[in-house]
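Residue numbers for the sequence shown, in my numbering: 1172 to 1509.
A short write-up of the structure that comes next.
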Amino acid sequence: MRTEYYHDTSEEIAFAAALLRNGELVAFPTETVYGLGADARREESVRAVFAAKGRPADNPLIVHIAEIGQLYEIASEVPDIALRLAKAFWPGPLTMVLPKQDCIPEVTSGGLDTVGIRMPSHPTARALIKESGCPIAAPSANRSGKPSPTTAKHVMDDMEGRISAVLDGGQCSVGVESTVICFDDAETIHILRPGLISAEDLAPFAANVYVDPAVFSQVAADARVSSPGMKYKHYAPNARILPVDAPDFRTFSDYVSKHAVYGTYCLLFDADPEIPGIPSLRYGDNGAQRAHDLFLRFRELDEAGAKLVYVRMPRQDGAALSVYNRLMRAAGFEAVRL
Ligand code: TXA
Ligand code: MG
């Protein structure tokens, strides 16, 4: 199959929208990562998304909308707390899991009776959803197990020849996937996947904000989890990723110097000095910057041929929790604690 490469002009967005209406697959930019879109209501199209990604069928897709009104077409119940959060954080990187309407087939929801819904803020995504007239089911546009793509080139690297088109909307500004939440009761927000919108940001909206334990530790492959995506190893580059939790740079650098082998790289904070003899990349100085840089650096490490990467451990609060979670998942939840 030939994969068309479209730019984000209104003419080419209209071409991409026509492909979606025709049941075809189009990768498009969002503020978080690129999504691989299909009409969420069409079983055949959604099946093709799973096939193109090599994704397990029990891992549900997020449905993307362009107006709050569309929420009621996709969700069969919208509790007050969900509406308050939609008004506060949409358009933006927040996905809410709600009971699904019948128009959303079980292929899309991975066999669940709930569906993840999000209104992205990227202008190209919004234009595409509006122009197509479809609610768009879209997982991240990587091959399953690869880091999520944050540029159109990453999408082409993974998906060329497997999908009808890629719409180029530049580099994604957020860089990690959306915060995914569900509601355990009218007063409890349950974070299934951390993102730029943090537990601290959500706290004013509910009596309780609960972060799922699968954010911090490995879930057994056969475990029952609240969000199927959490049990799969994800986001991994080819190199082995080894986060190192050190009290300061000196301790980190002494450890790395002692243990470095052929093909060792470091992923450092911006303010860190170089470690003599060990090539390094950097990933920012705060949670939001690290979120923006992490997947880019993973792909660069692969291009450089890195075999083993020692990573300075990010914090676990605010937006940094999303970085911690992606990093630990890439590392299979193994880390060095000094
Ligand atoms: O930022 C994002 O969310 C990106 C862009 C494209 O919007 N999309 C994305 O989709 O990251 P994906 O498919 O790679 O991740 C969706 C996550 C998975 O972990 C999945 O298990 C969870 O959301 N999820 C989706 N629907 C769910 C549901 N009904 N119940 C529980 N978890 C759900
Ligand atoms: Mg993904």
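Where is the CB? At the ideal position from N, CA and C, for every residue including glycine.
Contact annotation, Thr1203 with Glu1371: C-beta distance approximately 19 Å; criterion of less than 8 Å not satisfied. In the three-state scheme derived from DSSP, where H, G and I count as helix and E and B as strand, Glu1474 is classed as helix. Residue burial annotation: Arg1497 is buried, with at least 16 other C-beta atoms found within 10 angstroms of its C-beta.
In its chain, beyond the 5 residues on either side, Ile1352, Leu1373, Ala1377 and Val1380 have a beta carbon closer than 6 Å to the beta carbon of Ile1360. Tyr1426 sits close to Tyr1481, with the two beta carbons spaced by under 9 Å.
In the three-state reduction of the DSSP assignment, Tyr1243 falls in the helix class. For Val1482, the uninterrupted beta strand (DSSP E) segment begins and ends at Leu1479 to Arg1483. Looking at the backbone, the Cα of Ala1246 and that of Glu1215 are separated by about 21 Å. In this structure, the alpha-carbon of Ser1344 lies about 7 Å from that of His1463.
Three or more beta-carbon pairs separated by less than 8 Å link the segment 1275–1282 to the segment 1231–1241, which places the two stretches in contact. For Tyr1433, the secondary structure class from DSSP, reduced to helix, strand or coil, is coil.
Judged by DSSP secondary structure, Pro1414 falls within the beta strand (DSSP E) whose first and last residues are Arg1411 to Asp1416. In the DSSP secondary-structure assignment, Cys1353 is bridged to His1361. When C-beta atoms of the segment 1188–1199 are compared with those of the segment 1296–1311, three or more pairs fall below 8 Å, so the two segments count as touching. In the three-state reduction of the DSSP assignment, Ala1459 falls in the helix class. For Met1267, the enclosing beta strand (DSSP E) stretches over residues Leu1265 to Pro1270. Here the alpha carbons of Arg1255 and Leu1265 stand approximately 12 Å from one another. With contacts defined as CB atoms closer than 9 Å, Arg1173 and Gly1194 fail to qualify as a contacting pair. Following the DSSP letters along the chain, one finds Asn1496 inside the alpha helix (DSSP H) bounded by residues Ala1491 to Ala1501.
The alpha carbon of Leu1242 has as its nearest neighbour, out of Pro1227, Val1286 and Leu1207, the alpha carbon of Val1286. The segment 1457–1473 and the segment 1386–1398 do not touch, with fewer than 3 CB-CB distances between them shorter than 8 Å. By alpha-carbon distance to Glu1248, the top candidate from Ser1397, Phe1354 and Ile1307 is Phe1354.
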